[in-house]
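**Q**
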Amino acid sequence: MMQKLPKYRSQMRIYVDIMRVIQREDNHAKPTRILYGANLSHDRLVKYLEELRTLGVIEEVVEDDRFYKLTQKGIEFMNQFRAIERFAAAFGFVI
Amino acid sequence: MVGPLWFVGFDSLMQFVAFIIAVVIAYQAFKGYRITKQRTLLYLHFSFALLSAGLLIDSLAGFLGLLSRALRGTLVLTVVGYSIYFIAQALAYGILIFAYVSQARTLSATSPSLWVAPALGFATLQAAPIPAIKLLGRLVEYHPVAEIVLLFLVFYITVQTGLNYSATKDRNALLVFLGFLLLALSHLLFILMPFGALLFVIGHVLQLLGFASLLAMLLRVTTAK
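So the protein sequences, as listed, match chains A and B.
Under the numbering used here, the residues of the first sequence are numbered 1 to 95, in order.
Under the numbering used here, the residues of the second sequence are numbered 1 to 225, in order.
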C-alpha cells in the first residue's frame with residue numbers, strides 16, 4: 001500500500017529517472033536508451049536533457065555517436081538523493 | 001517529580017539525548033526537502049523540529065528544577081515544561097499523521113482507517129473528565145489523559161510504519177517501526193505510572209531506545225553506498 005507511486009511524476013522524479021538510466025549505462029548513455037529507460041517522449045527528453053545540462057549535472061559527449069554522462073556534480077547529487085530516498089522510504093514516504 | 005527519587009535528573013538527561021537525535025532527524029528531513037521539494041519531507045522536518053523543541057524545553061525545565069529544588073516554584077517550572085512538551089508532541093505527531101494522510105490521498109489509497117486513531121485521540125480528549133481547554137491550563141506532569149492522547153497519536157504512526165515495513169521488509173523501515181513502537185510503549189507506561197514508580201523509569205528508557213532506533217536508521221541511510 002505504501003509503495004504505490006503517484007500518478008504523475010514530479011520534475012525532480014523525471015530528472016532522477018534520467019540520471020539513473022545514465023548511471024545504469026555505465027555513465028555513458030545514448031539518447032534512445034534514456035528515452036526508453038526514463039519513459040519519456042522525444043520532445044520531453046530533449047527539454048529535460050537541456051535543463052539537466054544547464055544545471056551542470058550531465059554533459060553531452062559527441063564521439064562517433066552522441067552520449068550523455070553525469071558530471072561530478074551529478075554523481076554527488078545522485079549519492080545525496082539516494083540517501084534522502086532511503087530516509088523517506090524508511091518512514092513510508094514516496095519521493 | 002513523578003518518578004523514583006534516585007532517578008531524578010536521569011529523565012532530563014535522557015530527554016536531552018532524545019532532543020539531539022530529534023534535531024539530527026529534523027535536519028536530515030529539511031536537507032531532503034531542500035533537494036526534492038517534497039512536502040512530506042517538510043512535514044517530517046516540522047514534526048521532528050517541534051518534538052526536539054519540546055524535548056529541549058522539558059529537559060531544561062527538569063535540570064533547572066533540579067538545581068533550584070530548595071526554592072518554591074520548582075513544581076511550576078516542571079509543569080510548564082511538561083505542558084509545552086505535551087503540546088509540542090501532540091502537534092508533532094499530528095503533523096506526521098497529516099503527512100501520512102496527505103500522501104495516501106495523493107496516491108488515492110485513502111482508507112477509512114486513516115482517520116480512526118486521530119479521531120479516537122480527540123474523542124478521548126473531549127470525553128476526559130476535564131474539558132480539553134481546561135486540561136492544558138492545569139496539566140500536571142505525565143497526566144494520564146495527556147498520555148492517552150499521545151498514545152493514540154503515536155499508535156497511529158506505529159501502524160503506518162508497521163504497514164510500511166510489512167510491505168517493504170526493509171531494515172530501515174523496521175528501525176523506524178521499532179522506534180515508534182517503543183515510543184508508543186513508553187506512553188503506555190507513563191499512563192500506567194500510578195501502579196509503580198518503576199514504570200516511569202522503564203518508560204523513559206523505552207523512549208530513549210525508540211529515538212536510538214531512529215538514529216540507527218539515520219546512520220544506516222546516510223552511510224550506505
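The beta carbon of each residue, even a glycine, is placed where N, CA and C say it ideally should be.
1. Could you give the distance in angstroms between the alpha-carbon of F29/B and the alpha-carbon of D64/A?
2. Quick one: what does DSSP say E63/A is sitting in, helix, strand or coil?
3. Count the other CB atoms within 10 Å of the CB of P112/B; is the residue buried (16 or more) or exposed (fewer)?
4. Measure the beta-carbon distance from T36/B to A83/A and round it to whole angstroms, keeping in mind my assumption that it falls under 8 Å.
5. Counting only the same chain and skipping the five closest in sequence on each side, list residues whose C-beta sits under 6 Å from that of L5/B.
6. For V76/B, does the count of other Cβ atoms within 10 angstroms reach 16, so buried, or fall short, so exposed?
7. Determine, for F67/A, whether the minimum Cβ-Cβ distance to residues of chain B falls below 9 Å.
8. Pull up the distance between the alpha-carbon of T110/B and that of F93/A, whole angstroms please.
9. Taking the beta carbon of F81/A as the centre, do at least 16 other beta carbons fall within 10 Å, making it buried, or is it exposed?
10. Between the stretch 166-184 of chain B and the stretch 67-76 of chain A, do three or more beta carbon pairs fall short of 8 Å?
11. CB F195/B to CB F7/B, shorter than 9 Å?
12. In whole angstroms, what is the alpha-carbon distance linking L50/B and A88/B?
13. Any C-beta of chain A sitting closer than 9 Å to the C-beta of I35/B?
14. List the residues that DSSP assigns as beta-bridge partners of L70/A.
15. Please classify Y85/B as buried or exposed, where buried requires at least 16 other C-beta atoms within 10 Å of its C-beta.
16. I'd like to know whether the C-beta atoms of A173/B and A29/A end up nearer to each other than 9 Å.
17. Any idea if H42/A is buried or exposed, counting beta-carbon neighbours within 10 angstroms, 16 or more meaning buried?
18. If you run the structure through DSSP and keep just helix, strand and coil, what is I18/A?
**A** A quick look at the data gives this:
1. Note on identity: in this sequence residue 29/B is Ala, with Phe being the wrong assignment. Their Cα atoms are separated by approximately 44 Å.
2. coil
3. Its pLDDT being 48, under 50, P112/B is placed unreliably by the model, and nothing is read from it.
4. Their Cβ separation, rounded to whole angstroms, is 11 Å, which puts T36/B and A83/A out of contact at 8 Å.
5. none
6. exposed
7. no
8. At T110/B, the pLDDT of 47 sits below 50, so the modelled position is not reliable and the matter cannot be decided from this model.
9. buried
10. no
11. no
12. 5 Å
13. yes
14. I58/A
15. buried
16. no
17. exposed
18. helix
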